[in-house]
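Taken in order, the sequence shown gives residues 263 to 558; the numbers are from the working numbering. Below you'll find the structure, written out as structure tokens, and then a few comments.
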Amino acid sequence: MGLNMENYYVVLLFIIYSFLGWVLEVGYSAVKRGKLINRGFLNGSWCPIYGFGAIIILYLLTPLEDNILLLFIGSVLSASLLEFLTGFVLQKIYNTRWWDYTDRPFNIKGYVCLECSLFWGLAGVLLIKVLNPLIEAPIRLIPLWLGLIITVVLTAVFIFDCIMTVLAMNNLCSRLERLDKMAAEIRSVSDELSVSVYEKATDLKELKDISDVKLKTLKDTNEAKLKELKEANEAKLKNIKLSAEESEARLKELREKYKKLLNENKFSGKRLLTAFPNLKNEKRRSQLEKLLKRGE
Numbered sequence: 263m264g265l266n267m268e269n270y271y272v273v274l275l276f277i278i279y280s281f282l283g284w285v286l287e288v289g290y291s292a293v294k295r296g297k298l299i300n301r302g303f304l305n306g307s308w309c310p311i312y313g314f315g316a317i318i319i320l321y322l323l324t325p326l327e328d329n330i331l332l333l334f335i336g337s338v339l340s341a342s343l344l345e346f347l348t349g350f351v352l353q354k355i356y357n358t359r360w361w362d363y364t365d366r367p368f369n370i371k372g373y374v375c376l377e378c379s380l381f382w383g384l385a386g387v388l389l390i391k392v393l394n395p396l397i398e399a400p401i402r403l404i405p406l407w408l409g410l411i412i413t414v415v416l417t418a419v420f421i422f423d424c425i426m427t428v429l430a431m432n433n434l435c436s437r438l439e440r441l442d443k444m445a446a447e448i449r450s451v452s453d454e455l456s457v458s459v460y461e462k463a464t465d466l467k468e469l470k471d472i473s474d475v476k477l478k479t480l481k482d483t484n485e486a487k488l489k490e491l492k493e494a495n496e497a498k499l500k501n502i503k504l505s506a507e508e509s510e511a512r513l514k515e516l517r518e519k520y521k522k523l524l525n526e527n528k529f530s531g532k533r534l535l536t537a538f539p540n541l542k543n544e545k546r547r548s549q550l551e552k553l554l555k556r557g558e
């Protein structure tokens with residue numbers, strides 16, 4: 263049965279296939295990782311890329327349903343192109359790679375690989391020949407008014423979920439940026455403190471050497487100058503100590519803020535980290551690895 267793109271049933275099909283894709287992802291993850299994890303890109307029980315992929319295949323390739331080979335090849339090409347573009351665009355927007363196939367043979371930029379593309383080809387054939395006729399027939403029996411209500415409600419929930427997910431992704435990227443800047447500032451203050459301690463130690467030695475000479479000279483000649491020199495030396499020592507204490511306090515404050523930000527427990531951001539344990543961000547790799555490690 264072909265897909266009629268002029269009616270609202272396409273929206274229901276999109277949501278159904280997004281849900282089935284989510285079930286597939288969760289099931290695969292459960293087998294691979296030994297636990298149930300919401301593998302969806304969104305918070306809800308759906309993976310939009312599967313929904314879009316299914317609609318594209320149904321719309322473009324239904325005319326080829328009688329030619330299994332062309333249907334398979336078309337499914338490989340269309341689904342792989344969608345996966346490549348989705349991964350590419352997400353990385354350009356967020357500077358983050360949400361999946362990576364670079365460790366698999368015959369991959370293209372890590373966005374797609376031969377293994378997954380062949381799976382999409384098989385899935386496309388099954389979709390048109392088996393699955394879609396089973397799904398589309400009963401939903402066409404739904405009364406128009408009920409179908410419209412279901413479509414409007416699910417679409418509203420889907421859009422709300424998309425908005426919340428975008429906010430969560432923006433928050434995650436902002437958090438990574440803040441962590442990276444704070445880590446750089448900690449390194450800078452730490453380096454300054456190290457240099458300062460060395461310089462102050464050198465100053466103290468020179469001060470002591472000069473003072474010893476002057477004290478020896480003044481000891482028997484001028485009590486007032488001797489007292490003045492001691493007071494000057496004590497003031498310099500106090501300034502050195504205060505400078506070091508200020509740097510140490512600043513360093514402590516930065517480390518506490520960094521730790522607090524690292525341990526920030528925002529549900530949506532944490533869910534994304536759990537759902538995508540292979541996230542990669544070349545600019546802020548160290549900070550992302552720490553966040554991912556916390557999610558294990």
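All residues carry an ideal CB built from backbone N, CA and C; glycine is no exception. Every value quoted in this text rests on a predicted model; they were computed, and no experiment measured them.
Local conformation of R402 per DSSP, three classes: Residue numbering aside, residue 402 sits at position 140 when the sequence shown is read from its first letter. DSSP places R402 in coil when its eight states are reduced to three.
Helix, strand or coil at N543 according to DSSP, with G and I counted as helix: Locating residue 543 in the sequence shown gives position 281, counting from the first residue. Looking at N543 - three-state DSSP - the assignment turns out to be coil, as it is neither helix nor strand.
Three or more C-beta pairs below 8 Å linking the segment 421-441 and the segment 303-320: yes
Every unbroken alpha helix (DSSP H) inside the segment 376-432 [4 residues or more]: 376-388 and 394-401
Residue nearest to F314 in terms of C-alpha spacing, selected from L274, L541 and L403: Position 52 of the sequence shown, counted from the start, is the residue given in the question as residue 314. The residue with the shortest Cα to Cα distance from F314 is L274.
Nonlocal neighbours in the same chain, by C-beta distance under 7 Å from R366, ignoring five residues either side: As a working mapping, residue 366 is identified with position 104 in the sequence shown. If we look at R366 and ignore the five residues flanking it on each side, its Cβ neighbours are C375 and E377.
Element boundaries [alpha helix (DSSP H), containing Y290]: Locating residue 290 in the sequence shown gives position 28, counting from the first residue. Its alpha helix (DSSP H) spans residues Y271 to R295.
C435 to L380 span [Cα, whole Å]: Here residue 435 refers to the residue found at position 173 of the sequence shown. Here residue 380 refers to the residue found at position 118 of the sequence shown. Roughly 33 Å between the two C-alpha positions.
For I311, the first and last residue of its enclosing alpha helix (DSSP H): Translated into positions along the sequence shown, residue 311 becomes position 49. Unbroken alpha helix (DSSP H) run through I311: P310 to L323.
8 Å contact criterion, which I317 and F346 should meet: CB distance rounded: Mapped onto the sequence shown, residue 317 falls at position 55. Mapped onto the sequence shown, residue 346 falls at position 84. Not a contact, Cβ separation roughly 18 Å.
G336 and L322 closer than 8 Å at C-beta: Taking the sequence shown and counting its residues from 1, the one referred to as residue 336 is at position 74. Taking the sequence shown and counting its residues from 1, the one referred to as residue 322 is at position 60. Result yes, Cβ atoms of G336 and L322 sit closer than 8 Å.
Inter-residue Cα distance where the pair is G349 and R440: By 1-based counting over the sequence shown, the position of residue 349 is 87. By 1-based counting over the sequence shown, the position of residue 440 is 178. Rounded to whole angstroms, G349 to R440 spans 24 Å at the Cα level.
C-alpha gap between W284 and V419, whole angstroms: Locating residue 284 in the sequence shown gives position 22, where the first residue counts as 1. Locating residue 419 in the sequence shown gives position 157, where the first residue counts as 1. Roughly 16 Å between the two C-alpha positions.
Where the alpha helix (DSSP H) through K230 begins and ends: Outside the shown range of the chain, which is 263 to 558, sits residue 230, and nothing can be said about it.
Under the three-state DSSP convention, the category I448 falls into: Here residue 448 corresponds to residue number 186 of the sequence shown, with the count starting at 1. I448 falls in the helix class under three-state DSSP.
Cβ-based burial, A446 [other Cβ within 10 Å; buried from 16]: Indexing the sequence shown from 1 puts residue 446 at position 184. Classification of A446: exposed, given that the 10 Å Cβ count is below 16.
Secondary structure of R359, DSSP reduced to three states: Taking the first residue of the sequence shown as position 1, residue 359 is located at position 97. R359 falls in the strand class under three-state DSSP.
Straight-line gap, A511 to L286 (C-alpha atoms, nearest Å): As a working mapping, residue 511 is identified with position 249 in the sequence shown. As a working mapping, residue 286 is identified with position 24 in the sequence shown. Near 52 Å, if we compare the C-alpha coordinates of L286 and A511.
Close-in-space but distant-in-sequence residues of the same chain around Y520 (CB under 8 Å, 5 per side omitted): Here residue 520 refers to the residue found at position 258 when the sequence shown is read from its first residue. L441, M444, A445 and I448, listed in sequence order.
Beta-bridge pairing of N369 - partner residues as DSSP gives them: Here residue 369 is taken as the residue at index 107 of the sequence shown, counted from 1. Answer is C375, bridged to N369.
8 Å Cβ cutoff met for I390 and L344: In the sequence shown, residue 390 corresponds to position 128, counting from 1. In the sequence shown, residue 344 corresponds to position 82, counting from 1. Cβ atoms of I390 and L344: not closer than 8 Å.
Cβ-based neighbour list, F368, same chain, cut-off 7 Å, excluding 5 preceding and 5 following: Taking the first residue of the sequence shown as 1, we reach residue 368 at position 106. If we look at F368 and ignore the five residues flanking it on each side, its Cβ neighbours are C375 and L376.
Alpha-carbon spacing of G386 relative to S450, whole angstroms: Stepping through the sequence shown from its first residue, residue 386 is reached at position 124. Stepping through the sequence shown from its first residue, residue 450 is reached at position 188. Spanning the two alpha carbons is a distance of roughly 54 Å.
Backbone CA spacing between T364 and V288 [nearest angstrom]: Translated into positions along the sequence shown, residue 364 becomes position 102. Translated into positions along the sequence shown, residue 288 becomes position 26. Their backbone Cα atoms lie some 22 Å apart in a straight line.
Of the listed residues Y373, K514 and E327, nearest to S342 (C-alpha basis): Taking the sequence shown and counting its residues from 1, the one referred to as residue 342 is at position 80. The option with the nearest alpha carbon to S342 is Y373.
Rounded distance between the beta-carbons of I278 and I397, thought under 8 Å: Translated into positions along the sequence shown, residue 397 becomes position 135. Translated into positions along the sequence shown, residue 278 becomes position 16. With a Cβ gap of about 6 Å, I397 and I278 count as contacting.
V338 burial status per 10 Å Cβ neighbour count (16 or more: buried): For the purposes of this step, residue 338 is identified with residue 76 of the sequence shown, where counting begins at 1. V338 comes out buried.
Pairwise C-alpha distance: T358 and E250: Outside the shown range of the chain (263 to 558) lies residue 250, about which nothing can therefore be said.
Whole-angstrom distance between A399 and F334, CA atom to CA atom: Position 72 of the sequence shown holds residue 334. Position 137 of the sequence shown holds residue 399. If you take the alpha carbons of F334 and A399, they lie about 23 Å apart.
Exposure of S548, with buried meaning 16 or more beta-carbon neighbours within 10 Å: Here the question's residue 548 lines up with position 286 in the sequence shown. S548 comes out exposed.
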